[in-house]
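Numbering (our numbering), first residue to last: 3 to 87.
For each residue, glycine too, the CB sits at the ideal point set by N, CA and C.
All values derive from a computational prediction rather than experimental measurement.
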């Protein structure tokens with residue numbers, strides 16, 4: 003029985019270290035997931051802006067009303083993506 007008592011005394015505080023380690027890993031995973039979400043949202047917005055610019059350019063090219071590049075730049079600017087083109 004003495005060995006069991008010594009073992010328990012020698013491992014005192016080990017649970018605290020394990021809990022802290024698990025919390026740190028959980029926090030790191032949460033931060034990584036949040037960053038990944040921000041990147042995915044930005045990618046989606048950029049794709050939407052690019053699609054709108056392409057459609058505006060195609061529309062003006064088909065109608066022949068003005069330069070398609072200017073229409074694309076206009077559409078990109080309206081979608082908050084001025085550096086798209």
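In this structure, DSSP gives residue 80 a helical state, which the three-state scheme calls helix. With 16 or more neighbouring CB atoms inside 10 Å of its own CB, residue 62 falls in the buried class. Remark: three or more beta-carbon pairs, one from each stretch, lie closer than 8 Å, so the segment 74-84 and the segment 51-59 are flagged as touching. Using a 10 angstroms sphere on the CB of residue 51, the tally of other CB atoms reaches 16 or more, which defines it as buried.
Beta-carbon to beta-carbon, residue 54 and residue 81 are separated by about 5 Å, close enough to satisfy the 8 Å threshold. Residue burial is scored here from C-beta neighbours: residue 78 has at least 16 other C-beta atoms within 10 angstroms and is therefore classed as buried. Judged by beta-carbon spacing, residue 83 lies within the 8 Å limit of residue 48, meaning their Cβ atoms are closer than that value.
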